[in-house]
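Asker:
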Amino acid sequence: LFLDEAYALMDSSAGVGGSGDTFSQEALRTLLTEVENHRTNLMVVLAGYKEKMGRLMRAEEGLSRRFPNRLHLDDYTAAELASICETVARTKHQREFE
Numbered sequence: 631l632f633l634d635e636a637y638a639l640m641d642s643s644a645g646v647g648g649s650g651d652t653f654s655q656e657a658l659r660t661l662l663t664e665v666e667n668h669r670t671n672l673m674v675v676l677a678g679y680k681e682k683m684g685r686l687m688r689a690e691e692g693l694s695r696r697f698p699n700r701l702h703l704d705d706y707t708a709a710e711l712a713s714i715c716e717t718v719a720r721t722k723h724q725r726e727f728e
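638 is the number that our numbering gives to position 8 of the sequence shown; each next residue is one higher, with no gaps.
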């Protein structure tokens with residue numbers, strides 16, 4: 631299960647340590663229950679911006695315990711994105727940039 635922008639599960643108006651809305655609370659409780667009940671056969675990736683994910687992990691104590699591993703990927707630079715575009719254009723579409 632891949633949850634992009636997982637911090638959206640925390641009600642933004644509640645802030646860190648806030649109670650969140652009813653849906654957010656239920657979604658997080660369900661997620662934590664399923665992760666615990668299926669820890670040997672379920673992989674869950676919570677993705678999002680580093681600062682917002684940090685707030686999410688601090689807001690819900692069970693998350694940090696059940697998701698102890700963190701991987702931060704730096705953003706691509708403009709030059710790296712241009713290189714990727716050139717490579718894809720050349721290899722997949724037989725096009726060259728001028």
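Idealized CB from N, CA, C, for every residue including glycine. Only a predicted model underlies this, so the values are computations on that prediction, with no experimental measurement involved.
1. Whose CA, out of 700, 672, 711 and 654, lies closest to the CA of residue 684?
2. Between which two residues does the alpha helix (DSSP H) holding residue 674 run?
3. Applying the 10 Å Cβ sphere with the 16-neighbour rule, what's the burial state of residue 726?
4. Do residue 661 and residue 729 come within 7 Å of each other at the CB atom, strictly closer than that value?
5. Checking 7 Å against the spacing of the C-beta atoms, do residue 703 and residue 676 come in under that value?
6. Are there 16 or more other CB atoms within 10 angstroms of the CB of residue 672, so buried, or fewer, so exposed?
Answerer: Here's the rundown:
1. Taking the sequence shown and counting its residues from 1, the one referred to as residue 684 is at position 54. When only C-alpha atoms are compared, the closest one is 700.
2. Along the sequence shown, one-based indexing puts residue 674 at 44. Premise fails: residue 674 is in no alpha helix (DSSP H) and is neither H nor E.
3. Sequence index remark: in the sequence shown, residue 726 carries index 96 (1-based). So residue 726 ends up on the exposed side.
4. Absent from the model: residue 729. The displayed extent of the chain is 631 to 728, so no value can be given.
5. As a position in the sequence shown, residue 703 is number 73, starting the count at 1. As a position in the sequence shown, residue 676 is number 46, starting the count at 1. In this structure, residue 703 lies away from residue 676, with their beta-carbon atoms at least 7 Å apart.
6. The sequence position of residue 672 within the sequence shown is 42, counting from 1. Looking at its Cβ environment, which holds fewer than 16 other Cβ atoms inside 10 Å, residue 672 is exposed.
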